[in-house]
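To start, the structure itself, in structure tokens.
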Amino acid sequence: MKIVVCIKQVMVLPGAVVLDGEGTGIDPLFVTRRLNDPDRYAVEEAIRLCEEHGGGEVVVVSVGGAEADKELRKCLAMGAQRAVRVADDGLQLFDPLVVARALALVARREAADLVLCGVQSEDAAQQATGPALAGALAYPCVSMATKVEFEPDTRQLVVHKEASGGRTEVVQVDLPAVLTVQTGINTPRTESFKAVMMAKRAQIEVTEPEDLPPSTIQVQSMSAHAPSRGQLQLIEGDPAEVAARIRELVQEVSQ
Amino acid sequence: MTGTLVIGEIDAGGLSEASAELVSAAVSLGRPVTLAVGSADPQSVSAIDLRGIDRLIGLPVPGDPQAHEVRERAVETLIDLTQPATVLLSANWDNAAFAAGLAERRRFSFATDVIEISSEPDGALVVTRPAYGGKVNVKLRIDDEGPSIVLPRAGVWTPAESSGQAVPMEVVGEAVSEDSRVRRIDLLESGAGDAELARAEVIFGLGRGVGKPEHIAVFEDIARQLGVALGASRPLVDVGLVDRHKQIGQSGVTVKPRLYVAFGISGSMQHMAGISESRMIFAVNTDEEAPIFDAAHLGTHVDAMEVAKHLLSSD
Ligand SMILES: Cc1cc2nc3c(=O)[nH]c(=O)nc-3n(C[C@H](O)[C@H](O)[C@H](O)COP(=O)(O)OP(=O)(O)OC[C@H]3O[C@@H](n4cnc5c(N)ncnc54)[C@H](O)[C@@H]3O)c2cc1C
Ligand SMILES: Nc1ncnc2c1ncn2[C@@H]1O[C@H](COP(=O)(O)O)[C@@H](O)[C@H]1O
């Protein structure tokens with residue numbers, strides 16, 4: 058089975074929001090970059106499926122700048138066989154359709170049997186790139202997968218997915234297909250030191266997103282979310298005083 | 449392409465609250481508003497009289513309303529029939545499953561989890577959506593004659609009021625096909641939540657900020673000593689530190705305690721969905737900008753593990 062996994066380097070803001078000069082982006086100095094958490098689970102799921110079904114290949118793909126190579130290497134160290142980066146070149150962070158088109162270029166070229174995405178990116182939080190990619194490839198899509206089983210005889214997947222109301226829907230889908238993977242589906246492996254060293258030297262193929270229809274979406278401006286802290290009362294004092302206040306409240310409420 | 453098409457959803461009580469919110473958002477765009485519903489029998493949908501609706505249409509949609517390929521086909525048919533500039537669907541899991549795919553397939557524009565929407569004099573649509581864990585609002589300009597598919601977040605707009613005058617239902621189109629490449633074989637009522645947690649009066653919620661095994665052990669001791677219930681955010685459950693039944697939030701338990709103390713929880717939309725009915729929220733988070741402080745009544749920026757130390761020792 059050939060599985061393409063779409064992985065994203067996300068930007069996390071650990072503290073206050075600092076915008077760039079134009080006010081249309083975040084100042085890179087105040088950003089932490091890391092592999093999108095759901096995507097780690099997607100990579101693990103792809104490796105597991107290949108391992109359990111007699112091999113195959115896991116190709117990780119990211120749309121982004123050279124800084125995203127770090128995350129691609131992490132996935133190689135986990136056990137993906139190859140990594141491809143679609144050079145960002147101003148691709149829209151907030152237009153999941155454009156990102157999906159770029160990912161579709163690679164998925165099509167690789168003739169993937171299965172394409173995995175994360176359920177959502179921690180920074181843009183759209184839950185849309187996977188479904189958009191399915192649209193671009195004309196593959197069926199199952200979102201929020203919490204368990205995946207492959208039936209080799211019929212080349213079908215049986216997928217458990219989170220449904221509203223705390224329920225789990227079990228569906229069947231033919232390959233090729235796109236799945237979005239929910240966190241907690243498995244336990245992602247930690248990379249061995251040796252694998253990390255090997256991945257450092259691995260080749261990352263870089264392709265240009267040629268001839269893609271341009272985005273219709275532009276970031277006009279960004280602003281720090283204006284906190285609505287009307288009802289918030291800050292507890293002054295050191296941890297001991299805070300703890301005392303919490304104890305008091307617990308006692309009041311428990312009476 | 450001119451008007452605004454609102455995809456309404458029917459629940460037990462008729463048109464859903466979220467759909468009435470979409471109508472308000474649509475009316476604010478100042479273009480003719482068509483409300484459309486898909487239903488096995490559109491004629492049986494009870495009278496709809498929301499203010500601002502110019503036209504009410506119903507499309508026969510047989511079968512399982514959650515089958516997203518059928519829903520996708522229904523929405524596509526409604527778009528083709530009405531040629532709107534803007535299509536509004538509620539941002540929920542059922543719609544997220546197909547909306548971007550439909551947009552990409554048909555080369556429509558797309559934006560989701562939108563909390564503000566307006567149209568510019570030149571016809572462009574401007575939407576605002578949160579990003580970066582709720583810390584930033586991003587204003588996006590969509591330059592497209594349409595259709596643009598936009599998913600507004602539920603609970604942001606005030607639902608449209610009734611005008612007292614029911615709009616006549618016009619049944620349009622042929623019943624859409626029930627075919628789906630994704631076939632449901634089972635629906636499990638996973639008995640998700642811990643019933644005791646759902647009923648607890650005092651809950652300490654643990655998040656990634658206290659997400660080390662040794663931290664969890666400390667809070668287990670505290671919970672035993674103080675007689676409070678423990679719950680957690682999803683990441684702690686995902687890594688196996690806390691039992692799945694103790695996950696609080698959109699895909700976990702909904703809690704209604706008199707006191708909820710959040711230790712190292714940022715306040716994601718999905719977590720807040722599970723605690724919004726708490727009488728009092730006390731947030732312990734070292735990041736002054738964490739969105740949980742928007743909803744908290746009491747808060748502190750000191751280190752949660754320092755607080756934990758003192759919660760333990762004085763007994
Ligand atoms: C479809 C879907 C469903 C989901 N369902 C749920 C759900 O049901 N429940 C849920 O919780 N999540 C759910 N999530 C995940 C959600 O989006 C967030 O990722 C999650 O809630 C974040 O958990 P957190 O606040 O513990 O972690 P983070 O967002 O990482 O926050 C950790 C916080 O700890 C603070 N911190 C760090 N160190 C300390 C310290 N020493 N003292 C005090 N504070 C500290 C940090 O400032 C930060 O604010 C869902 C996501 C998706 C896509
Ligand atoms: N730039 C990108 N490169 C590769 N994959 C991406 C990118 N952006 C989003 N994805 C994938 O799409 C998923 C959902 O992202 P989003 O639609 O932004 O919430 C992520 O978990 C990734 O699997």
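Listed in order, the protein sequences are those of chains Z and C.
Under the working numbering, the first residue of the first sequence carries the number 58, and numbering increases by one thereafter.
Under the working numbering, the first residue of the second sequence carries the number 449, and numbering increases by one thereafter.
Heads up, the beta-carbon is just placed ideally off N, CA and C, and yes, glycines get one too.
- In the DSSP annotation of this structure, the continuous segment of the alpha helix (DSSP H) that includes methionine 720 of chain C starts and ends at 717-723.
- For alanine 193 of chain Z and glutamine 613 of chain C, the gap between their C-alpha atoms comes out near 43 Å.
- Within its own chain, the residues whose Cβ lies closer than 7 Å to the Cβ of arginine 302 of chain Z, once the five positions on either side in sequence are excluded, are Ile292, listed in chain order.
- Under the three-state reduction of DSSP, histidine 693 of chain C is assigned to helix.
- A distance of 7 Å or more separates the beta carbons of glutamate 206 of chain Z and lysine 218 of chain Z.
- Identification of residues in the segment 738-749 of chain C having a C-beta nearer than 9 Å to some C-beta of chain Z yields Pro739, Phe741, Asp742, Ala743, Ala744, His745, Leu746, Gly747, Thr748, His749, given in sequence order.
- Valine 228 of chain Z has its Cβ no nearer than 6 Å to any heavy atom of ligand 2.
- Less than 7 Å separates the beta-carbon of threonine 560 of chain C from that of alanine 185 of chain Z.
- Residues of the segment 152-173 of chain Z with a C-beta less than 8 Å from any C-beta of chain C: Asp152, Pro153, Leu154, Ala157, Arg158, listed in chain order.
- Restricting attention to C:Leu689, C:Arg647, C:Phe652, the CA atom closest to the CA of glutamate 662 of chain C is found in C:Leu689.
- The beta carbon of aspartate 84 of chain Z lies closer than 7 Å to those of Val75, Leu76, Asp77 in the same chain, with the five residues before and after it left out.
- Put simply, the backbone Cα of alanine 495 of chain C is about 58 Å away from that of arginine 130 of chain Z.
- At a cut-off of 6 Å, the beta-carbon of lysine 583 of chain C does not count as near ligand 2: no heavy atom of the ligand is closer than that.
- At least one beta carbon of chain Z lies nearer than 7 Å to the beta carbon of alanine 579 of chain C.
- Residues of the segment 694-719 of chain C that bring their beta carbon within less than 7 Å of a beta carbon in chain Z comprise Ser699, Arg706, Leu707, Val709, in sequence order.
- The three-state secondary structure of leucine 498 of chain C, taken from DSSP, is strand.
- Taking a beta-carbon distance threshold of 7 Å, glutamine 277 of chain Z counts as an interface residue toward chain C.
- In chain order, the residues positioned with their C-beta nearer than 7 Å to some heavy atom of ligand 2 are Z:Cys63, Z:Ile64, Z:Lys65, Z:Asn93, Z:Pro95, Z:Asp96, Z:Ala99, Z:Val118, Z:Ser119, Z:Val120, Z:Gly121, Z:Pro153, Z:Val156, Z:Leu160, Z:Cys174, Z:Gly175, Z:Val176, Z:Gln177, Z:Ser178, Z:Ala181, Z:Ala182, Z:Gln183, Z:Gln184, Z:Ala185, Z:Thr186, Z:Gly187, Z:Thr237.
- Secondary structure of histidine 110 of chain Z (DSSP, three-state): coil.
- In the DSSP assignment, tyrosine 708 of chain C is bridged to C:Ile651, C:Ile729.
- Contiguous beta strand (DSSP E) elements confined to the segment 238-287 of chain Z occur at 262-264, 274-281, taking only those with 3 or more residues.
- In the DSSP assignment, aspartate 459 of chain C is bridged to C:Gly462.
- Chain order gives the chain C residues near glutamate 226 of chain Z as Arg632, Leu635, where near means a beta carbon separation below 7 Å.
- With contacts defined by Cβ atoms closer than 7 Å, glutamate 108 of chain Z and valine 238 of chain Z do not form a contacting pair.
- Isoleucine 64 of chain Z is positioned such that its CB atom lies no closer than 7 Å to that of arginine 142 of chain Z.
- Within chain C, the C-beta atoms nearer than 7 Å to that of valine 199 of chain Z come from Val630, in chain order.
- Within the model, the alpha-carbon separation for alanine 539 of chain C versus glutamate 754 of chain C is close to 39 Å.
- Given a length threshold of 3 residues, each whole run of the beta strand (DSSP E) inside the segment 548-591 of chain C is given here in chain order: 557-562, 564-567, 573-579, 584-590.
- Interface residue (Cβ-Cβ distance to chain Z less than 7 Å): aspartate 528 of chain C is not classified as such.
- One alpha carbon belongs to methionine 58 of chain Z, the other to aspartate 170 of chain Z, and they sit about 6 Å apart.
- Distances taken from the Cβ of proline 245 of chain Z to the heavy atoms of ligand 1 include none shorter than 6 Å.
- Annotation for threonine 734 of chain C indicates a beta carbon within 6 Å of some heavy atom of ligand 1.
- For ligand 1, no non-hydrogen atom lies closer than 6 Å to the CB of histidine 758 of chain C.
- Taken in chain order, the complete alpha helix (DSSP H) segments of 4 residues or longer contained in the segment 71-117 of chain Z are 94-109.
- Residue contact with chain C for glycine 287 of chain Z: absent (no Cβ-Cβ distance below 7 Å to any residue of chain C).
- When C-beta atoms of the segment 710-725 of chain C are compared with those of the segment 565-583 of chain C, three or more pairs fall below 8 Å, so the two segments count as touching.
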